[in-house]
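Remarks on the structure that follows.
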Amino acid sequence: MSDLTYTPIDDIPKIVQELRTTFLTGLTRPLAYRKEQLKGLHNLIAENETLFKESVYRDLRKPPQELMAGETGAIRQEAIDAIKHLDQWAAPQSVKTTLLNRMNKPHIRKSPLGTVLIIGAWNLPINLLLAPAVGAIAAGNCVILKPSEVSTHTAALLTRLLPKYLDPRSVRIINGAAAETTVLLEQKFDHMFYTGSGNIGKVIMAAAAKQLTPVTLELGGKSPAFVSKDVNIAVAARRLIFGKLFNTGQACIAPDYLIVERGIEEELVKEMKLAIQEFYGASPQTSQSYGRIINNNHFHRLKRLLDTTRGKIVIGGDTQEDDLYIAPTIVLDVKLDDPLMESEIFGPILPIWVVDTINEGIEYVNRNDQPLALYVYSHNMKLADHILENTRSGGAVINDSLIQFMVTALPFGGTGPSGIGNYHGKRTFDIFSHERATLVKNLGMQKALTISYPPYTEKKTSW
Ligand code: NAD
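Structure, rendered in structure tokens:
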């Protein structure tokens with residue numbers, strides 16, 4: 001058990017109000033203050049790597065290398081980049097206009113929104129909370145952070161450490177589950193940034209609508225990976241297995257299922273089996289590189305999928321409840337009405353749907369919700385282009401999986417049911433900034449203006 005304590009419900013409105021009051025004092029506006037806070041955020045991670053390793057290990061048995069790549073390293077880099085570029089990001093931007101208007105010095109000011117709410121998910125419990133926080137702080141906002149209560153050890157650690165590194169007048173953590181979050185969502189915010197499932201995304205958006213609060217929703221979906229006949233099967237197998245089993249498949253952009261051109265499926269399975277052995281040895285359960293399922297609920301959800309699938313389990317399939325272990329599992333010959341194809345798997349089970357033509361796969365993807373990611377494994381760039389030109393998804397990668405998350409210059413987010421808005425790098429700063437349209441007019445030359453003032457005589461308008 002962790003020492004996570006939920007925030008008393010009666011305290012929640014008070015905490016939000018305190019931050020709203022702080023914002024109006026102007027405390028968070030100076031760039032020097034924002035940079036100090038960003039340094040604090042960076043040091044929070046840098047000085048406590050070992051504690052974070054322990055907490056995320058207790059939550060997910062996450063291997064330290066995966067923590068570094070997907071969470072701590074990524075946040076540190078985001079904070080460093082924000083500090084480095086803040087002057088430039090926050091600088092007023094002049095706009096091109098006509099000669100007449102140029103005299104009015106039209107420009108865009110990047111203003112903070114006010115007090116914002118960030119709700120994180122459990123699978124990357126540090127990154128999904130703090131990566132948006134980097135942009136929110138850089139943009140000069142007060143920030144309420146709501147970690148996922150499911151990753152309890154990391155939520156408890158963040159709650160303990162945060163006040164030591166960030167000014168509690170402008171950044172606070174609120175902990176809790178649905179009851180606490182419901183009260184939180186009733187408060188007035190200037191932006192809500194949520195990461196998690198689409199079902200709760202609808203709850204967030206409905207709550208935000210009551211106060212006309214803008215939202216960013218980072219959701220999920222079933223991300224397909226197309227594998228064409230011409231591909232280098234050994235290479236594709238390794239990249240797919242890495243992408244699927246990173247964080248034990250509990251990644252929003254993990255390949256959810258494969259669409260494989262008929263003829264290569266046996267060879268692909270054989271290579272994926274070899275890849276699993278190379279990565280995790282003969283017994284993944286004893287490998288330090290293989291994590292665990294977050295909790296019993298998710299374990300049973302995944303076990304049910306394995307028990308009810310009508311596909312052929314060709315690799316893995318074994319489970320152990322008291323260890324929250326589910327083996328890397330490949331299920332061949334999955335049909336479209338299989339339970340594995342109903343909703344996002346979010347675990348280490350990879351179904352393979354074999355198709356006669358890639359176009360069958362395209363039609364299927366288009367019949368369903370737009371996924372967060374779409375992957376194509378092929379040597380044939382014309383085919384890859386054809387797939388991308390005829391489908392929709394939040395992001396796409398040709399010949400690998402997951403790496404789009406690491407390239408902060410790329411927008412990260414969904415489309416349609418996989419999300420609203422996108423972030424990383426400067427985009428996160430932009431999400432939490434208002435582009436304030438501003439003109440500066442000279443107080444001289446008043447006489448020249450009388451031509452546009454009433455009374456609107458014919459003489460004034462005959463030009
Ligand atoms: P979760 O259970 O951690 O929930 C997310 C957040 O919603 C938590 O902070 C939780 O407290 C809050 N919440 C739960 N019930 C609530 C309620 N009734 N009212 C208000 N808030 C509530 O995470 P999850 O939803 O299981 O996350 C998995 C999903 O998230 C998957 O679909 C995955 O694809 C998606 N995801 C998306 C991204 C992304 O960046 N797009 C990243 C990670 C996960």
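Note that the UniProt record's numbering gives residue 219 to position 219 of the sequence shown, counting from 1, and the numbers run on in steps of one. Built from N, CA and C at the ideal position, the CB exists for glycine as well.
What residue does the beta strand (DSSP E) around residue i start on, and which one ends it?
i	result
M192	191-195
residue 464	No answer is possible for residue 464: it lies beyond the span of the chain, which begins at 1 and ends at 463.
A396	395-398
R172	171-173
P112	107-112
R301	Looking at the DSSP string, R301 is not in any beta strand (DSSP E); the run it does join, the alpha helix (DSSP H), is 296-308.
L185	Where L185 is concerned, there is no enclosing beta strand (DSSP E), although the alpha helix (DSSP H) it sits in stretches over 178-185.
P224	224-227
residue 470	Given a span of 1 to 463 for the chain in the structure shown, any question on residue 470 remains unanswerable.
I358	Unbroken run through I358 is the alpha helix (DSSP H), 358-367; no beta strand (DSSP E).
I313	312-315
Going by C-alpha distance, which of the options is nearest residue i?
i	options	result
Y290	F193, V355, G347, T50	G347
W89	Q288, F189, D430	D430
E363	T115, V95, N390	N390
G394	H386, K382, G73, S418	S418
L128	G176, L217, P163	L217
P224	E360, T98, I264	E360
S111	G316, P92, L302	P92
L60	F246, A179, F23, I200	F246
A155	A437, F432, E458, T7	T7
L336	K222, G425, P284, L51	K222
M381	V231, P351, L184	V231
residue 469	G73, K84, T213, M103	Outside the displayed range of the chain (1 to 463) lies residue 469, so it cannot be described from this structure.
R102	N442, I241, E321, K210	N442
V260	P351, T195, E321	P351
N422	G220, S94, Q187	G220
T50	K39, K62, G40	K62
L4	A237, R160, E71	R160
Y377	K229, L31, P454, A177	K229
H42	T181, R29, A82, H153	A82
N48	P339, I118, I126, D87	I126
L117	Q37, E278, V215	V215
R427	L113, T72, L410, E458	L410
E66	L274, I403, T182	I403
T357	L31, K146, I264, G198	I264
For residue i, name the three-state secondary structure that DSSP assigns.
i	result
K146	strand
E458	helix
L374	strand
R34	helix
residue 483	Residue numbering for the chain in the displayed model covers 1 to 463; residue 483 lies beyond these limits and cannot be assessed.
A254	coil
A91	coil
N422	strand
K39	helix
V334	coil
G414	coil
E78	helix
H434	strand
E271	helix
E71	helix
Is the Cβ-Cβ distance between residue i and residue j less than 7 Å?
i	j	result
D256	I398	no
T115	F189	yes
Q250	N123	yes
H424	T408	yes
L324	I293	yes
residue 504	L157	With the chain covering only 1 through 463, there is no way to say anything about residue 504.
A121	S148	yes
T72	I108	no
L86	H191	no
I9	V183	yes
Could you please give the first and the last residue of the uninterrupted alpha helix (DSSP H) stretch that includes residue i?
i	result
P284	Per DSSP, P284 belongs to no alpha helix (DSSP H) and is neither H nor E.
A136	127-138
V355	Note, V355: premise wrong, no alpha helix (DSSP H); beta strand (DSSP E) at 349-355.
Y165	152-165
K447	446-449
A409	Neither: A409 is in no alpha helix (DSSP H) and is coded neither H nor E.
K210	198-210
I12	11-25
K382	381-389
Would you verify that the beta carbon of residue i is, or is not, closer than 7 Å to some beta carbon of chain D?
i	result
L161	Absence of chain D from the displayed structure is noted, only one protein chain being present.
*Can you find at least 3 beta carbon pairs, one from the region 72-79 and one from the region 127-138, that sit closer than 8 Å?*
In short, these stretches touch, since the Cβ pair count reaches three.
_Using a Cβ distance threshold of 8 Å, determine whether the region 364-376 contacts the region 405-419, with at least three qualifying pairs required._
Output reads yes: the region 405-419 touches the region 364-376.
*May I ask you to verify whether the region 166-185 touches the region 1-15, counting CB pairs closer than 8 Å and requiring at least 3?*
Yes: the two stretches touch, three or more of their Cβ pairs being nearer than 8 Å.
*Should the region 305-312 be called in touch with the region 199-214, which here means at least 3 C-beta pairs below 8 Å?*
Touching, no, given that fewer than three Cβ pairs across the two stretches are closer than 8 Å.
*Is there contact between the region 296-305 and the region 263-279, where contact requires at least three CB pairs shorter than 8 Å?*
Because the criterion of three Cβ pairs below 8 Å is not met, the region 296-305 and the region 263-279 do not touch.
*asked:* When you compare the region 140-156 with the region 22-35, are there three or more beta-carbon pairs, one atom per stretch, that lie closer than 8 Å?
replied: The count of Cβ pairs closer than 8 Å, one atom from the region 140-156 and one from the region 22-35, reaches three, so the stretches are in contact.
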